[in-house]
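Visitor: Okay, so the sequence shown: first residue is 1 according to full-length UniProt numbering, each after it adds one. Take this structure first; my questions come after.
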Amino acid sequence: MTLLSSVGGASGPLFGTFFIRAAQATQARQSLTLEELYQMFRDGADGVISRGKAEPGDKTMCDVWVPVVESLRQSSEQNLSVPVALEAASSIAESAAQSTITMQARKGRASYLGERSIGHQDPGATSVMFMMQMLALAAKE
């Protein structure tokens, strides 16, 4: 709830929504299977998409959440380990965040810049990328 009320801009409510929905999916488990991790990310990302009313291509964090969730789904179907799946999702997140550089923002504050938003990586997408990189790093330990 702190993220919802104290972080400026849209990222606080969006990350708050992600974590609330993700936590509901896990039911306070002490450890997670990859399938449960996938469900957690899917539910969290669905909440972000619903709250932000954005979709891939809008130059938002959704441009990273959607491929990350798909990567986790595929990894789960392949019965990969959690560390391997998170490493793959982290790599996907990096590529997806970088892909926002060439996009024109259609949602969020950057949308007010119009064509001037082209050439800059979306901050929300970048923050999701960093989160995925840190999760992958932590899972290796």
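Glycine residues also receive a C-beta, built at the ideal position from the N, C-alpha and C atoms.
When the distance is taken between beta carbons, is E35 closer than 7 Å to S90?
Guide: As a first step, residue 90 is located in the sequence shown; it is residue number 90 there, counting from the start. As a first step, residue 35 is located in the sequence shown; it is residue number 35 there, counting from the start. No, these two residues do not count as a Cβ contact at 7 Å.
Visitor: Does the beta-carbon of L86 have 16 or more other beta-carbons within 10 angstroms, so that it is buried, or is it exposed?
Guide: To locate residue 86, count along the sequence shown from 1; it is residue 86. Result: buried.
Visitor: Consult DSSP for E35 and reduce its assignment to one of helix, strand or coil.
Guide: Residue 35 sits at position 35 when you count from the first residue of the sequence shown. E35: helix per DSSP, three-state reduction.
Visitor: What residue range does the alpha helix (DSSP H) around K140 cover?
Guide: In the sequence shown, the residue the question calls residue 140 occupies position 140. Start and end: P123 to K140.
Visitor: Only counting the same chain, and skipping five residues up and downstream in sequence, which positions put a Cβ closer than 6 Å to that of M40?
Guide: Reading the sequence shown from its first residue, position 40 is the one you call residue 40. Excluding sequence neighbours, M40 sits near A22, A25 and T26.
Visitor: Using CA coordinates, which residue listed in F19, T100 and S117 is at the minimum distance from C62?
Guide: As a working mapping, residue 62 is identified with position 62 in the sequence shown. Taking only the C-alpha atoms, the option nearest C62 is T100.
Visitor: Which of the three DSSP states is assigned to A93 in this structure?
Guide: Position 93 of the sequence shown holds residue 93. DSSP, read as helix, strand or coil, puts A93 in helix.
Visitor: For the putative contact between G57 and M103, defined by C-beta atoms under 8 Å, what is the C-beta separation to the nearest angstrom?
Guide: As a first step, residue 57 must be located in the sequence shown, where it is residue number 57. As a first step, residue 103 must be located in the sequence shown, where it is residue number 103. Cβ atoms of G57 and M103 come within 8 Å of each other, at about 7 Å.
Visitor: Taking the alpha helix (DSSP H) that I20 falls in, what are its first and last residues?
Guide: For the purposes of this step, residue 20 is taken as residue 20 along the sequence shown, with counting starting at 1. Here the alpha helix (DSSP H) through I20 covers S11 to T26.
Visitor: Quick check on S71: buried or exposed, where buried means 16 or more other Cβ atoms within 10 Å of its Cβ?
Guide: Start at 1 with the first residue of the sequence shown, and residue 71 comes out as number 71. That one is buried.
Visitor: If the criterion is Cβ atoms closer than 7 Å, does the pair V69 and R109 meet it?
Guide: Residue numbering aside, residue 69 sits at position 69 when the sequence shown is read from its first letter. Residue numbering aside, residue 109 sits at position 109 when the sequence shown is read from its first letter. Against a cut-off of 7 Å, the Cβ pair of R109 and V69 comes out as no contact.
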